[in-house]
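Participant: Residue numbers for the sequence shown follow UniProt numbering, so the first one is 1 and each next one is one higher.
Glycine included, C-beta positions come from ideal geometry on N, C-alpha and C.
Keep in mind it's a predicted model, so treat the numbers as computed, not measured.
Pasting in a structure now, in structure tokens, and then I'll have a few things to ask.
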Amino acid sequence: MTRSKNSKTPAITKSITKPPGRKSVNTLSKFRSESHDQRLKRFLLSTDAATAKKNDVDDSTVRFKHLLALTPLFRYFIDLSASKDVSFKKVIRQLDNEHSIQLKDTKKRKRRKTEKEEDAELLEEEIHVGDGDQEKTVMVETPSYVHGKLRDYQIQGLNWLISLYENRLSGILADEMGLGKTLQTISFLGYLRYIKHIDGPFVVIVPKSTLDNWRREFAKWTPEVNVVVLQGNKEQRTDIMQNQLLTAKFDVLVTSFEMVIREKSQLKKFKWEYIVVDEAHRIKNEESSLSQIIRLFYSRNRLLITGTPLQNNLHELWALLNFLLPDVFGDSEVFDEWFDNQGGKENPESQDQDQVVQQLHQLLSPFLLRRVKADVEKSLLPKIETNVYIGMTDMQRKWYRQLLEKDIDAVNGAVGKREGKTRLLNIVMQLRKCCNHPYLFDGAEPGPPFTTDEHLVFNAGKMIILDKMLSKFKREGSRVLIFSQMSRLLDILEDYCFLREYNYCRIDGSTSHEERIQAIDDYNAPDSEKFIFLLTTRAGGLGINLTTADIVILYDSDWNPQADLQAMDRAHRIGQKKQVKVFRFVSENAIEEKVLERAAQKLRLDQLVIQQGRSSSTAAIGSNKDDLIGMIQHGAQEVFQSDKTEMFDDDIDAILQRGAEKTKTLNSKFNKLGLDDIQNFAFDNSTWEWNGQNFSKKENDKTGVAWINPSKRERKEQTYSIDNYYKDVLKATLTTKATNSQLKAKAPKHYNIQDHQFFPDGLAELLEREQLQYKQEVGYKYSVDEFGDSDEEFLADEFKSDVSREERRRIEQKKVDSVIPLTEEETKAKDQMLSESFYNWTRRDFTNFIHGCAKHGRNSFEQIAKSVGTKTPEEVQQYSQTFWKKYTTIEGYEKYITQIESSEKKSAKLQKQQEILHSKMSQIEDPLSDLTIAYPPNNSKRVYSKLEDRFILACVYKHGIFSENLSEKVREEVSLSDLFRFDWFMLSRTAQELGRRINTLLLALTREVDTANKKKSKLPNIGSSANSTRPGSTEPSAIPNGAGAKRNGDENTIAPIKRKKK
């Protein structure tokens, strides 16, 4: 690249001195001078992808050099990968040697440079002045190859992408929805084409619904780029592949996730310069077909585009990092282990959580760019989110009660392992349908004949409020988007729009691509008469710009809160001139409140890990049976016990005001939670919580089981009518026989069998026969309604039963009719096995037992009993003996054992440090003058003096490592000591800061002992070559006696640095 003093630089500084517009002419001439064979050689692989990746040594060197200079955290993961790959290890050793030589040169040069030395350096710089690797590019305005104008933050995003390319890094562009991630990506690919003379091959993998949008955006912003869209049937795809792709007659390939899977064998042949994945959360599961296939492709760099980088847990975040840098983040277990170890789950203090978040941000910052509208788009007003809490109508309460009573055992948690989760998911689905509208159930709507009338509104609480809101918004001139998960609910809303004569558009999963585009164009057309846009959350949440609307109504909440955020951002994005208001409907005292709570939990996790690490500064929730039971039970007791009629006559402004206040309370609740609190939130929440009360805490509940009883029977109507009197007498006479048989049979006690109660083999079968025997005695007959209903539209395929409801009823009835009564011996055996089991140990008791073992050790029965709260030490010891014999029978036992063992390892580590400290202190008379500390090599920035460190360790020795609130006690000792009366630094240290210093000093003592033990073990093998030095390696040495050692040619020995005092 030539340089000229007279050339101007309107768009780029540092590396580009000629305007990009002029440069594009040279770029085009360069492309034309390239022969077709040369282009094919550049586009297609000559070997397999794995071999090609290993040959990219130069890129790896640049990448690792940059990462190692950023933070020591990367050293851990890079060293781990190097230990498994010889070629990788050579690259790291080369970088370490270069760094070591630079350090030595720096230490030796304690004088001024000579003219000859400086000339040599300047000459070296001039030689590399035109090298692409040495040049750093920074855009200062919109480059001229972009046909339009970029906003300032989009130029910053373009510069960030360029810096990634220069450092050979892949990245995640995670800007909030609506900030123009597509435009930034297209501008960056234009930079590679026009500035770096790289015109491909690039592949952009996007959702099928956005294929046309990407093609339009390329044509709009960089029309010279040759874009090919791979889609269509097999013949069409073959034609595109043979005549355009394999002949290298394209620059950018845009295709969908489905096409990548189908055409993987052909797409693997290309030497992709960049792989761009839009909506990158689709590859969060590294086990999915899409994720594994894309990982097989060769690419020099990868770019992930997503507005939702973190959806469920930190392992999914690792999956994204593994996709970007597989040579650094290669092992998910190592990543999870590092996170757990750093977090200190056994001692979840706020400073530990903050430290984990801070370190995680350091890991993410080189790869992640996350901005939100509030920070970058000042002209876009913030959206106002309000949860509208709505009661249920009498019809809804009736259906809700029937759904709970239909499967009361499952509602109370009496479900087995195999079918339990499916059964609970079905109940959850049915309850959520009831919250939306009872007409979603077959037979609920009055008719035939079916009429479009006011009953559509007054039979559902949400519809009553929606009707008031839409009337208000219509008068104010607003336009509305209504999102729901259920397409059948959109059918009801369509009838409602017809009733109220509202013009509307609709998009759901069955809408074709052409109809989808037409509906969007109709709604966004100038002076459009369309007032409402009906959309399903998943189908309408991506690739749609609806800024002509300013009201968003979420009729129901998605399990994944990011889907709801994407729905909101259809209107709240660049181009919106009004303030967007979002209203989320929530059925009060019902399952939807718990769904909303789980969504807030997920979003808080996203905020802690991602948002706080933006550039300007566990297992999936609801996936286990306890979570589902807790959701189902929420509000159930009130539904059974209360018959009050909800009042919907309040003014709509008053309803919205109440919702705004409750929304503020909910947000403040979650904003206070730290990282560990969020990770353990679902686990710690009791499933026995109804209407703000936690029934598990009641001391008078001996069994610990919170049981929901069905609704009370109606009182018999009293009448003085002679005719009715004799009618009742005659009826009673006919049924006396059956009634007497039922009174004679006593219902056996129902046991909720759970795996942590360790029921002996065969007991479950005896208890089941006992229940069947009772049903046989009372003449119980099953109804087909007890086996679900016919509406299974929203169940996943794997949850749908192949057996009809009638067949299931017949099978269960046959069990009742053919049951063999228990013999006397079997009854005695049942009672004996019950006494051997732990049926009175609730899930809460088990959880507290695990926590107690983790905190105090598995054999500290008295302390564990205090943690459990409801058991004696003897009962805990008896349970513990059985637990450690049979814990493998508990579902998910691995996490419980890991929790206990990791705590025991930490305790063992502390015990070792206590012994080392005791041994060291017992050998000296005065710790403040005689104590030696071997500081680590990377201690150059230490700000504590030797005296301060010795005093801290002396205090730790005095109180003991296991002392509660140790750091507070050390802080108190500092404040009382005459040594630091005028030492502002020590007096101003907080307990948290002293705690971190204590950990650092104890770690230094441990390393000192470990190093000494290693040297002793190697001593017999040293022989006469003990003084020889192996070239290219240095062995770190500890500071002798921990004091006063200066740098005398030993680069690994660093003396403690004293702080300057005024």
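On a Cα-Cα basis, can you pick out the residue from K594, L546, E826, S163 that is closest to L666?
Facilitator: When only C-alpha atoms are compared, the closest one is K594.
Participant: Hey, K433 and Y555 are a contact pair by Cβ (cut 8 Å); roughly how many whole angstroms apart?
Facilitator: That pair is no contact at about 12 Å.
Participant: If you follow the alpha helix (DSSP H) that D755 is in, where does it begin and where does it stop?
Facilitator: First-last for D755: undefined, no H or E at that position.
Participant: Between the beta-carbon of K912 and the beta-carbon of I933, is there less than 9 Å?
Facilitator: No; because the gap between Cβ atoms is not below 9 Å, this pair is not in contact.
Participant: With which residues is K581 paired in a DSSP beta bridge?
Facilitator: Answer is I384, I551, bridged to K581.
Participant: Evaluate G892 with the Cβ neighbour count: other Cβ atoms within 10 Å of its Cβ, from every protein chain shown; 16 or more gives buried, anything less gives exposed.
Facilitator: Exposed.
Participant: So what does DSSP say about F297, is it helix, strand or coil?
Facilitator: F297 falls in the coil class under three-state DSSP.
Participant: What is the C-beta distance between N545 and R506, in whole angstroms, given that I count them as a contact (C-beta under 8 Å)?
Facilitator: Contact doesn't hold; Cβ gap of about 17 Å is too wide.
Participant: Which residues in the same chain have their Cβ closer than 6 Å to the Cβ of A519, if we skip the five residues on either side of it in sequence?
Facilitator: Within the same chain, A519 has close Cβ partners C505, I507.
Participant: By DSSP's criteria, W841 is part of a beta bridge. Which residues make up the other side?
Facilitator: Answer by DSSP bridge pairing: none, since W841 is not bridged.
Participant: For D755, which residues of its own chain have a beta-carbon under 8 Å away from its beta-carbon, when the five flanking residues on both sides are left out?
Facilitator: Once the five neighbours on either side are set aside, the close Cβ partners of D755 are K417, T889, I890, E891.
Participant: Beta carbon of T185, beta carbon of L161: below 9 Å?
Facilitator: Their beta carbons are under 9 Å apart, which means T185 touches L161 by this criterion.
Participant: Looking at G200 and P143, is the spacing between their C-beta atoms short of 9 Å?
Facilitator: Cβ distance not < 9 Å, so P143 and G200 don't count as in contact.
Participant: How many whole angstroms separate the CB atoms of F758 and K969, which I take to be in contact at a CB cut-off of 8 Å?
Facilitator: About 42 Å separates the two Cβ atoms, so there is no contact after all.
Participant: Looking at C-alpha atoms only, which residue of Q244, E874, K271, V277 is the closest neighbour of Y298?
Facilitator: With distances taken between Cα atoms, Y298 lies closest to K271.
Participant: Taking the Cβ atom as the reference point for each residue, do L953 and M921 lie within a distance shorter than 9 Å?
Facilitator: Taking 9 Å as the Cβ cut-off, L953 and M921 qualify as a contacting pair.
Participant: Ignore the nearest five residues each way along the sequence and tell me which others in Q877's own chain have a CB closer than 7 Å to its CB.
Facilitator: The residues are F861.
Participant: Can you tell me which of the three DSSP states E263 falls into?
Facilitator: Of the three classes helix, strand and coil, the one that applies to E263 here is coil, per DSSP.
Participant: Flag this pair as yes or no: are the beta carbons of F483 and I551 separated by less than 9 Å?
Facilitator: Contact flag unset, no.
Participant: What's the call for F257, buried or exposed, on a 16-neighbour Cβ count within 10 Å?
Facilitator: Under this definition F257 is a buried residue.
Participant: Taking only three categories from DSSP, how would you classify V204?
Facilitator: Reduced to three states, the DSSP call for V204 is strand.
Participant: For my contact list, I172 and L320 are in at a C-beta cut-off of 8 Å; report their separation, rounded to the angstrom.
Facilitator: Yes, I172 and L320 are in contact; Cβ-Cβ is about 6 Å, under 8 Å.
Participant: Around the C-beta of W841, are 16 or more other C-beta atoms found within 10 angstroms, so that it is buried, or is it exposed?
Facilitator: The residue is buried, with at least 16 neighbouring Cβ atoms inside 10 Å.
Participant: Classify L103: buried if its beta carbon has 16 or more other beta carbons within 10 angstroms, exposed otherwise.
Facilitator: Caution is warranted here: a pLDDT of 42 is assigned to L103, below 50, making its placement in the model unreliable, and the coordinate value is therefore given only provisionally. Exposed, by the Cβ-count rule.
Participant: What's the call for H36, buried or exposed, on a 16-neighbour Cβ count within 10 Å?
Facilitator: Exposed.
Participant: Return the Cβ separation of residue 1067 and F531 in integer angstroms, given the expectation that the two are a contact with Cβ distance under 8 Å.
Facilitator: Not covered by the structure: residue 1067. The range shown for the chain is 1 to 1062.
Participant: Just reading off the alpha helix (DSSP H) that residue 1134 is part of, what are its end residues?
Facilitator: Residue 1134 lies beyond the stretch modelled for the chain, which goes from 1 to 1062, so this question has no answer here.
Participant: Out of curiosity, what's the CA-to-CA distance linking S711 and P449?
Facilitator: A caution first: S711 carries a pLDDT of 48, below 50, which makes its placement in the model unreliable, though a value can still be read off. For S711 and P449, the distance between alpha carbons rounds to 33 Å.
Participant: Would you mind reading off the limits of the alpha helix (DSSP H) that contains V970?
Facilitator: Residues 966-976.
Participant: Taking 7 Å as the limit between beta carbons, can you name the residues of its chain near A571, skipping five residues before and five after?
Facilitator: Correct list, in chain order: L481, L546, T547, A549, D550, V552, V580.
Participant: How many Å lie between I961 and K909 at the Cα?
Facilitator: Using only the alpha carbons, I get a separation of about 11 Å.
Participant: Measure the C-alpha to C-alpha separation of Q562 and P366 and round it to an integer number of angstroms.
Facilitator: Going by the C-alpha atoms only, they are around 24 Å apart.
Participant: Alpha carbon to alpha carbon, what distance is there between I155 and L179?
Facilitator: Spanning the two alpha carbons is a distance of roughly 12 Å.
Participant: Helix, strand or coil for F329 per DSSP?
Facilitator: Three-state DSSP puts F329 in coil, outside helix and strand.
Participant: By the three-class DSSP mapping on this structure, what secondary structure does W559 have?
Facilitator: Reduced to three states, the DSSP call for W559 is coil.
Participant: Report the partner residues of V252 according to the DSSP bridge assignment.
Facilitator: V252 pairs with F202, V227.
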